[in-house]
Amino acid sequence: MNKKILFETMRTLVAIGVALLLAFVIIFTVSEDPGYALQRFLLGPLSSLRNFGNVLEMAIPLVFTGLAISVMFTAKQFNLGAEGGFFFGAVGATALALTFDLPPVIMPIVAILCGGIAGGMGNAIPALLKSKLDASELVSSLMMNYILFWLGIFIINNYFRDAQAGAMASHRLPEQVKLIRVLEGTRLHFGIFIALLMVILVYLFLYRSRWGYALRMVGLNIRFAEYSGINTKSVVLYSQIIGGMIAGMGGAVELLGMYTRFTWFQLPGYGWDGIIVAIMARNNPLLIPVFAFFLGYLRIGADLMARVTDVPSEVVAIIQGIMIMLVTAERLLAGWRHRMIVKEKMQNQPMDEGGVQNG
Amino acid sequence: MANLMDIILSTSFGYAVLRVTTPILFATLGALISIKAGVVNISMEGTMLTAALTGVVISAVTGSGLAGLVAAVLAGMLLGLMLAYFALNLKTDIILAAIAINLMASGGTVFALYIISGDRGISSSLASIVLPKVQIPLIHQIPVVGAVLSNHNILTYVALLSVIVVYVLIYKTPLGLRIRAVGENAHAADSVGISVIKTQYIALIMSGAFAGFGGAFMSMGYVSWFSTNMTAGRGFIALAAEALGMGRPFGVLLTSLLFGTADALANALQAFRIPSEFVQMVPYVVTILGLVVYAKRRQSMAQKHKTEDRV
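These protein sequence lines map, in sequence, to chains A and B. Heads up, the first sequence is in my numbering, so the first residue is 1 and it goes up one at a time. Heads up, the second sequence is in my numbering, so the first residue is 360 and it goes up one at a time.
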């Protein structure tokens, strides 16, 4: 077991190393002042409390969508609807915040739950289609992303739009629904504690609950799970709905923590980022915050670099792609692992079986 | 509503359907070939996007539309090759590798565009070339039919002809037989001496080439520029069109036309008092409905097989 962890760690490090190396090559090729660009990219996030706060702020939504994806991917459900779920969750929270007047503390909790329900409903459609009709959740969840986007825009535009605001935006969110700031000098909000709480809850759910056990079994081998009496259809259903709920809660937390109004008029992309985080973390909930932080760091570093140099921040997109490819490449370093196993066997064999040394 | 019928029954609507179907049809044919060989290529979206940018850049640099088209198709093939290398040699999960390609393409194209031209998000400073429109002799003179079928971008005709090409390729050539054999049962194909990996490589590269054509049409025919995420989910719709067309070349022609019609309808409905948000949803809702119909059909067919087996 330890060997597997060592091997996976090595592969992750190699993937990150290769991707960063490629980024350096790109920066050196396109930049007039590559040294300065690199310094901003790698050390920029640490250069001030505000910049570091930005990294943590950025990591919060990534934790939520990363968890959402990891629940669904653990069950081998390739539902890519976290994007739409995240967006629709924020719409749900906006709708609640602008409709009901609730006391402080209770209001944000209700709003976040409302966002979770909105996100869960969005994913319920691909989930139902998969579990009842065996229709590909991959395609239907991708379509749902666009449907939820336009539905959300419709809801905001027709019921909650502030005609006074210049651009398309909802009315101002009431003060008591917003999440409080937790670090002076940054915009870091209470959402970071909610995110960490979710990490623990998802871990307990996946590894310490009956439902989570069934979910993991379905992911390992759906036929075996079925044969051993697990209701696989219901796992297919609830894994995706729970994933959607987590994504929706993420959208709500992001909105209540970072915004004064609903102002998103395109999909924010956190759902796709969640896939990156989940893959890097091998769907392990406890590793999700680590890689959410890592990705947030890369993003903020690239933004800081783009602000003062001639390298666009989209360079991160290339790094991410390479990282996913290499991390998931099963053959990568397989030769190294093979040699390691063989070497160990060779050493142990004489003692185990009394075989010929170096035979 | 009478007005709406007028629009739908007009020749310009028929023309628009063919126009918006073109990129979907290319991507769907690409998806079809890969799925026939047992490898699902969901990177059509990113591949089209990359090809669209390549076409614009190369045609602007060389001043030749043909060079732009060739470069776009080559870019598509290259991404197909990359997907094949990761999925078949490095054993990356093909879905995740394709997601990686899509993510790389959506940010990478913005990055590359900025580095090459200094444009942010839309290629306004590149003087790219639009591929020519073609008037079909005879058919052009026929009243209604001519207005619908003639004077399209050359790639629209290439797309329609590709349906026949793909049909012949898959059902009438030795390569097509190998592709189908590998897709049906890779072990069986392997046991009779067909190289599974080589066949899947070829299929993925061909599917990239079709996505390349689709991308070239987007930026050098549908419009005359490249813009961020301009493919807007067409590569994903293609997967639904492939499933709905049950993997048959002429079936996917019909389903691509269905999605094209939904798309054109969305554009046409914008003139009416239906909230534009719902109009925008039409193609995606149709896709989900299509999936439901397809899944129900497959389920009832499986049921039938089961009862037959029992007899």
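Ideal placement from N, C-alpha and C gives every residue a C-beta, glycine not left out.
| field | Under the three-state DSSP convention, the category A:I275 falls into | value | Three-state result, A:I275: helix.
| field | Short CB-CB distance (under 8 Å) between A:R331 and chain B | value | yes
| query | Which word fits A:K361, buried or exposed, when buried means at least 16 other C-beta atoms lie within 10 angstroms of its C-beta? | reply | Outside the shown range of chain A (1 to 359) lies residue 361 of chain A, about which nothing can therefore be said.
| Neighbourhood of B:G542 by C-beta, 6 Å cutoff - its chain only, sequence neighbours within 5 removed | K395, A396 and G397
| said: Within a Cβ cutoff of 8 Å, which residues of the same chain sit near A:A37, ignoring the five residues on either side of it in sequence? | reply: I27, S31, M305, T309, D310 and V311
| message | Please classify B:V670 as buried or exposed, where buried requires at least 16 neighbouring CB atoms within 10 angstroms. | response | Confidence is the limiting factor: at B:V670 the pLDDT is only 45, short of 50, which leaves the residue's position unreliable, though a coordinate-based value still follows. Exposed: under 16 other Cβ atoms inside 10 Å.
| query | Taking just the CA atoms, how far does A:P61 sit from A:G251? | reply | 7 Å
| field | Three-way DSSP call (helix, strand, coil) for A:I180 in this model | value | coil
| 9 Å Cβ cut-off: residues of chain D touching A:A90 | Among the chains of the structure shown, chain D does not appear; the protein chains present are A and B.
| said: Can you give me the C-alpha to C-alpha distance between B:L408 and A:A15, rounded to a whole angstrom? | reply: 25 Å
| Just the Cα atoms here: how many angstroms apart are A:W272 and B:V611? | Their backbone Cα atoms lie some 28 Å apart in a straight line.
| request: Please go through the same chain and pick out, in chain order, the residues whose beta-carbon is closer than 8 Å to the beta-carbon of B:K492, but skip the five residues on each side of it. | output: N510, H511, N512 and I513
| said: In whole angstroms, give me the CA-to-CA distance for A:D303 and B:R479. | reply: 15 Å
| Separation of B:T468 from B:T587, as counted between CA atoms | Cα to Cα, the separation comes out at about 8 Å.
| field | Per-residue contacts from A:A272 into chain B (C-beta, under 7 Å) | value | The amino acid at residue 272 of chain A is misidentified as Ala; the sequence shows Trp. Going along chain B in sequence order, the residues near A:W272 (Cβ under 7 Å) are L462.
| message | Using a Cβ-Cβ cutoff of less than 6 Å, which residues in the same chain neighbour B:Y526 once the five nearest sequence positions on both sides are dropped? | response | P608
| request: Identify the contact partners of B:V644 in chain A, using a Cβ-Cβ distance below 7 Å as the criterion. | output: I147
| request: Please compile the residues from chain B whose C-beta is within a distance smaller than 8 Å of the C-beta of A:A153. | output: Here residue 153 of chain A turns out to be Ile, not Ala, going by the sequence shown. Taking the beta carbon of A:I153 as reference, the chain B residues within 8 Å of it are E636, listed in sequence order.
| Which residues in the same chain as B:S635 place their Cβ atom closer than 6 Å to its Cβ, once the five residues preceding and following it in sequence are excluded? | Q629
| query | Which whole-angstrom value is the C-beta distance of A:N79 and A:S141, which I expect to be below 8 Å? | reply | At roughly 4 Å, the Cβ-Cβ gap stays under 8 Å, so A:N79 and A:S141 are in contact.
| message | Is B:D365 close to chain A? Criterion is C-beta to C-beta, closer than 8 Å. | response | no
| request: Please state whether DSSP places B:V493 in a helix, a strand or coil. | output: If DSSP states are grouped into helix, strand and coil, B:V493 belongs with the strands.
| query | Does the distance from the C-beta atom of A:L237 to that of A:S70 stay below 8 Å? | reply | no
| query | Taking three-plus beta-carbon pairs below 8 Å as touching, is the region 450-462 of chain B in contact with the region 566-575 of chain B? | reply | no
| A:Q77 - containing alpha helix (DSSP H), residue span | No alpha helix (DSSP H) contains A:Q77, which DSSP labels as neither H nor E.
| Listing by chain order, which chain A residues have their CB less than 7 Å from the CB of B:P380? | In the sequence on display, residue 380 of chain B carries Thr and not Pro. Ordered by position in chain A, no residue passes the 7 Å Cβ test against B:T380, which lies about 18 Å from the chain.
| said: Within a Cβ cutoff of 6 Å, which residues of the same chain sit near B:A518, ignoring the five residues on either side of it in sequence? | reply: Only T381, L384 and F385 meet the Cβ criterion.
| query | Is B:I501 helix, strand or coil when you go by DSSP? | reply | coil
| query | Are any of the Cβ atoms in chain A nearer than 8 Å to that of B:A623? | reply | no
| query | What residues of chain A sit near B:D452, judged by a beta carbon separation below 7 Å? | reply | T328
| By Cβ distance, which residues of its chain are closer than 7 Å to B:R539, with the 5 residues on each side in sequence left out? | K395 and I529
| message | Does the CB of B:Q559 have a neighbour CB from chain A at under 8 Å? | response | no
| How many angstroms separate the CA atom of A:M258 from the CA atom of B:S483? | 33 Å
| request: Assign A:R161 to one of three DSSP states: helix, strand, or coil. | output: Of the three classes helix, strand and coil, the one that applies to A:R161 here is strand, per DSSP.
| When the Cβ atoms of the region 63-77 of chain A are set against those of the region 274-285 of chain A, are three or more pairs found closer than 8 Å? | yes
| task | Please classify A:I112: is it buried, with 16 or more other beta-carbons within 10 angstroms of its beta-carbon, or exposed? | result | buried
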